[in-house]
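Here the structure is laid out as structure tokens; the discussion comes afterwards.
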Amino acid sequence: MTTKAARGTSAAIPAGDARNASGATVHLQDLSRSFGPVRALAGLNLDLAPGELVALLGPSGCGKTTALRIVAGFETADSGVVEVDGKDVSPIPAAKRDMGMVFQSYSLFPNMSAQDNVAFGLRMRKLAGAGRQRRAAELLEMVGLSAQARQYPHQLSGGQQQRVALARALAIEPRVLLLDEPLSALDAKVRLQLREQIRALQQRLGTTTLFVTHDQEEALSMADRVGVMKDGTLEQIATPSELYAHPATAFVAEFVGIMNRIPSEMLSLISRSGAAADGRDDGLPGETDALVRPEGLRIAASPHGNGIVTSRTFLGQLTRVSVRLSGDVVVQVDQQSTDTGGITPGASVEVSLVDPPVLVTDRT
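Residue numbers (this note's numbering): 69 to 432.
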């Protein structure tokens, strides 16, 4: 059996998800866009609630950045509608859409100080000089850069430049904040710090936010809901926990997190225990694969086990162990490091299924 997402249908806001926030509602309806023979969007539907942060996640070329640029007004859809608070903004130029955007490349003016960069949008909105500088100073303080107000972009680190870009986007108090892979150019430690800061600011201000990323860890840690895209459509949109535990398609299952693909007829080689010993996996149809998370398996040293360890990787609290079953099927098992002592490459182990497969899908 193959579970499929409803493609081309509206990914609506969950019932009862009312928010006391100042952000706008955003509604994307049947957005399509082609570039020559390449179809970037194929009838995308998406709703964002006021104050919600939604991440669009997917591989390069899936259409997520095209969707963001259409919302911003930098691209025009071949068909479909973008509504903000019930108003069609499709005919409105980007500069007049009251949206803030943060790019991957920072896009700061090199000849302006940090404070003047933040104040730029306010100047375009004809805010008086004193009020403009006061507001810019407040935003720099909010992102922790008051001491760098007079420094120029070349004097700032990458993380500091991105915080200036964020402050500039927020200075105009946009109804919608758009983030285009804003952390991908930064090192791992700075990315972690900045994503926590962005999320805290977004929740504090209640700004409706659409965030595009190819990094699943960023999406799952920051977003209220994550939409996984493939070939210009949404495969699934759900909360991070729902997406991980109950993927709607094999693509989602294998794109989000690590996944073992085990031929269904081989499950009989894996002794089942605990939550998996409920008979749910008996009688699976042929020509299907069971998709099992690494934490859904367990190993124990056994001289007559059903697998041979091929490698192990220490990840701190967990150790990831690769095990070859018969038929050259290799599975990844995540287990407490304290429970993997003596399990080394070449060791015979018994692999047990402790959680049912998250999905059974047609073999590809």
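For glycine and all other residues, C-beta sits at the position ideal for the given N, C-alpha and C.
Computed from a predicted structure; not experimentally measured.
{"query": "Straight-line gap, G104 to P161 (C-alpha atoms, nearest Å)", "result": "24 Å"}
{"query": "Opening and closing residue of the alpha helix (DSSP H) in which P331 lies", "result": "Per DSSP, P331 belongs to no alpha helix (DSSP H); it is in the beta strand (DSSP E), 328-331."}
{"query": "At least 3 beta-carbon pairs within less than 8 Å: the region 242-249 vs the region 211-227", "result": "no"}
{"query": "At least 3 beta-carbon pairs within less than 8 Å: the region 310-320 vs the region 147-165", "result": "no"}
{"query": "Residues near R165 in its chain [Cβ-Cβ closer than 6 Å; skip 5 each side]", "result": "G141, V157"}
{"query": "contact_flag[the region 300-309, the region 267-280] where n(CB pairs < 8 Å) is 3 or more", "result": "no"}
{"query": "Distance CB(I226)-CB(V186) smaller than 9 Å", "result": "Ile is not the amino acid found at residue 226; the sequence shown has Gly there. No."}
{"query": "Integer-rounded CB distance, given that I411 should sit under 8 Å from V397", "result": "At roughly 18 Å, the Cβ-Cβ gap does not stay under 8 Å, so V397 and I411 are not in contact."}
{"query": "CA-to-CA distance, G131 to G76, given in whole angstroms", "result": "Annotation note: pLDDT 37 at G76 (below 50); position unreliable, coordinate value reported separately. Cα to Cα, the separation comes out at about 14 Å."}
{"query": "Terminal residues of the beta strand (DSSP E) in which I160 lies", "result": "Element bounds for I160: n/a, residue is neither H nor E."}
{"query": "Cutoff 8 Å; reference T408; Cβ partners in own chain excluding five residues on either side", "result": "I367, R380, T387, V389"}
{"query": "Through-space distance from A145 to L427, alpha-carbon basis", "result": "35 Å"}
{"query": "Whole-angstrom distance between V399 and R263, CA atom to CA atom", "result": "32 Å"}
{"query": "Candidates V139, R200, A287, of which the one nearest L245 by Cα", "result": "V139"}
{"query": "Contacts around S341, its chain only, beta-carbon distance under 8 Å, and the 5 residues preceding and following it disregarded", "result": "Confidence at S341 is low in this model, with a pLDDT of 47, below 50, so its placement is unreliable and the value that follows should be read with caution. Hits under 8 Å: R366, S420, L421, V422."}
{"query": "I138: first and last residue of the uninterrupted alpha helix (DSSP H) it sits in", "result": "132-140"}
{"query": "Distance, N113 Cα to T93 Cα", "result": "14 Å"}
{"query": "G295 - partner residues in DSSP beta bridges", "result": "L124, I305"}
{"query": "Of the residues V417, V232, A239, L393, the one placed nearest R203, counting alpha carbons only", "result": "A239"}
{"query": "Which of helix, strand or coil DSSP assigns to R212", "result": "The question names Arg, but residue 212 is Gly in the sequence shown. Reduced to three states, the DSSP call for G212 is coil."}
{"query": "Every unbroken alpha helix (DSSP H) within the region 221-281, with a cutoff of 4 residues, ordered by chain", "result": "226-239, 256-273"}
{"query": "CB of A237 within 9 Å of CB of M180, strictly", "result": "no"}
{"query": "Cβ-based neighbour list, G325, same chain, cut-off 8 Å, excluding 5 preceding and 5 following", "result": "Q284, Y312, R361"}
{"query": "Inter-residue Cα distance where the pair is L176 and Q270", "result": "21 Å"}
{"query": "Sequence-distant residues of the same chain with beta carbon closer than 7 Å to R222, five excluded per side", "result": "Looking at the sequence itself, residue 222 is His, so the reference to Arg does not match. Once the five neighbours on either side are set aside, the close Cβ partners of H222 are P178."}
{"query": "Secondary structure of A343, DSSP reduced to three states", "result": "With a pLDDT of 45 at A343, under the threshold of 50, the predicted position of this residue should be treated as unreliable, and no value is reported."}
{"query": "CA-to-CA distance, P127 to A110, given in whole angstroms", "result": "16 Å"}
{"query": "Beta-carbon contacts of A415 that lie in its chain and below 8 Å, excluding the five residues immediately before and after", "result": "A369, I376, V377"}
{"query": "Simplified DSSP assignment, three categories, for Q400", "result": "strand"}
{"query": "CB contact flag (L436, V149, <9 Å)", "result": "Since the first residue of the chain shown is 69 and the last is 432, residue 436 is not available in this structure."}
{"query": "Integer Cβ distance of M327 from L125, believed to fall under 8 Å", "result": "About 15 Å; that fails the 8 Å criterion."}
{"query": "Endpoints, beta strand (DSSP E) assigned at M169", "result": "167-170"}
{"query": "Cβ-based neighbour list, S102, same chain, cut-off 7 Å, excluding 5 preceding and 5 following", "result": "A108, D146"}
{"query": "Backbone secondary structure at R361 - three-state DSSP", "result": "coil"}
{"query": "Beta-carbon spacing of L121, R267 below 9 Å", "result": "yes"}
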